[in-house]
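Residue numbers (the working numbering): 2 to 498.
Think of the CB as a built atom: it goes at the ideal place given N, C-alpha and C, for glycine as much as any other residue.
Encoded structure:
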């Protein structure tokens, strides 16, 4: 390594090795160990907590703001309860007031089309208006792949990572009111209750996330962007208590393989690691339960005589024909596979509901989280489906808990998440768990109200992926034989219909 490389992060060295055009091969996933310490961490449960803290941190930005996502809408309000200011208004005000500030926004080129919420973003209508706000659209190099990472970083000093995009229909509160006047999209339409999670970090963790953002920017635009000096620091909010301090973290990157470089599959590797290391409880929140690779890893643990309890909370309702056909059908088949493997009664799969007068309405789960006991926590953009394992670009973070204080914090996060679904306090979940020694028993004891967790019915008897899974939810890009495989998949679908 020459002297000019000594201050570069691992991501930056890899980008430099590839060159602007990405012509050199990237190393294998096992060669990239993106580890460090998160000086401070806050778990921001639901969109209101995330957006509120983001608005505060953005106002303290001095040099650079990164926003990397699947979708983006400048018309959303970060604090609708007390301000009509939009995200676009805020970014314009910051750029106008500070000539040293650069704002770089990278979103998937098809995200606004798929979401049907921010089409005018593609036309750059009314945004951006300042030359130092640079909005770009990432075109995924892998056929049918998408850019799915959800990252924000301010001055390489404070960063956010998780499942929440800066777009419409993401803001919600712990209450999850079905008819909340604040829960309207930018067109004024009410939207469904939504649960999600984002994490705020500082220290090495923030610099790693900034490095991931630079890597994606270079991949998408061909332009290099150097790290900021380490002394560029944004302060932690005085009114925000840190959930964790000085905790070891590891970033996991997923990128598809192309003709020019190897892919990275760190996300699925970390998911398998968390599943394998659970001893007493494995708690999962996921939008999709559609990966048969993940399902087999969980099934193996359920077959063990002394394996962990497994509690999965996921969305029942699917949007769109393809999502219903693939994600919904494969979820039902995976649940049957897990039930068949559950020899010892240690599995529960739920979907959450909230009251709406006399009725109950499903609470959509958009989070992507795994907790093994109180020792490991994985949060990020990766869904439990095949495309998140090697087709889409993803970024996840793994928290490891070497100290009692770390383990208490991770355990308390799980208590807070379960409490939200059951409409009780985290203390009630904690006490029930301590009394019974079982997460399943604690949930059963407290799962008595209109706001509750409902079990999935296991009426499906099939356990193999539906025909067309490799076409509609592929784990890797279609290669040179893609056309032949495509025709084969379509024929199988037609034969089975």
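Cβ-based neighbour list, residue i, same chain, cut-off 6 Å, excluding 5 preceding and 5 following
i	result
residue 170	186 and 192
residue 422	353 and 454
residue 386	289, 291, 292 and 474
residue 129	136
residue 450	424
residue 264	256, 257, 258 and 391
residue 416	427, 430 and 431
residue 144	478 and 479
residue 296	335 and 338
residue 7	Bear in mind that a pLDDT of 43 at residue 7, under 50, signals an unreliable position, so the model cannot answer this.
residue 350	313, 336 and 457
Backbone CA spacing between residue i and residue j [nearest angstrom]
i	j	result
residue 224	residue 215	9 Å
residue 222	residue 372	36 Å
residue 377	residue 276	10 Å
residue 310	residue 374	10 Å
residue 22	residue 220	Because the pLDDT of residue 22 is 33, which lies under 50, any placement of that residue in the model is unreliable, and the number read from its coordinates should be weighed accordingly. Between residue 22 and residue 220, the C-alpha separation is close to 8 Å.
residue 280	residue 176	32 Å
residue 195	residue 362	11 Å
residue 252	residue 211	11 Å
residue 233	residue 36	21 Å
residue 201	residue 268	19 Å
residue 447	residue 420	9 Å
residue 84	residue 464	50 Å
residue 167	residue 320	20 Å
residue 78	residue 92	12 Å
residue 179	residue 441	27 Å
residue 314	residue 205	31 Å
residue 140	residue 134	19 Å
residue 127	residue 87	12 Å
residue 273	residue 460	27 Å
Sub-8 Å separation of residue i and residue j beta-carbons
i	j	result
residue 104	residue 96	yes
residue 49	residue 237	no
residue 414	residue 44	yes
residue 300	residue 231	no
residue 199	residue 254	no
residue 478	residue 270	no
residue 89	residue 75	yes
residue 467	residue 384	no
residue 197	residue 47	yes
residue 69	residue 262	no
residue 355	residue 316	no
residue 443	residue 457	no
residue 65	residue 229	yes
residue 102	residue 62	yes
residue 409	residue 379	no
residue 298	residue 388	no
residue 393	residue 112	no
residue 54	residue 241	yes
Terminal residues of the beta strand (DSSP E) in which residue i lies
i	result
residue 1	Lying outside 2 to 498, the shown extent of the chain, residue 1 is not represented and no answer is given.
residue 369	369-373
residue 199	198-204
residue 68	65-70
residue 422	Residue 422 -> not in any beta strand (DSSP E); alpha helix (DSSP H) instead, spanning 405-423.
residue 282	282-287
residue 379	377-381
residue 455	453-456
residue 235	No beta strand (DSSP E) contains residue 235, which DSSP labels as neither H nor E.
residue 397	395-401
Start-to-end residues for the alpha helix (DSSP H) that takes in residue i
i	result
residue 49	48-59
residue 126	Residue 126 -> no alpha helix (DSSP H), and no H or E assigned at all.
residue 302	293-304
residue 162	Note, residue 162: premise wrong, no alpha helix (DSSP H); beta strand (DSSP E) at 159-163.
residue 106	Where residue 106 is concerned, there is no enclosing alpha helix (DSSP H), although the beta strand (DSSP E) it sits in stretches over 103-109.
residue 97	88-98
residue 261	Here residue 261 belongs to no alpha helix (DSSP H), and DSSP marks it neither H nor E.
Beta-carbon contacts of residue i that lie in its chain and below 7 Å, excluding the five residues immediately before and after
i	result
residue 382	149, 150, 151, 164, 369, 395, 396 and 397
residue 207	154, 157, 158, 159 and 160
residue 32	Bear in mind that a pLDDT of 47 at residue 32, under 50, signals an unreliable position, so the model cannot answer this.
residue 324	none
Cutoff 8 Å; reference residue i; Cβ partners in own chain excluding five residues on either side
i	result
residue 266	30, 255, 390 and 391
residue 82	49 and 183
residue 303	311, 339, 342, 343, 344, 345, 347 and 348
residue 226	105, 215, 218 and 219
Assumed close pair residue i, residue j - CB separation to whole angstroms, cut-off 8 Å
i	j	result
residue 108	residue 73	4 Å
residue 39	residue 248	5 Å
Chain C contact for residue i (CB, 8 Å cutoff)
i	result
residue 401	Within the model displayed, chain C is absent; a lone protein chain is all it includes.
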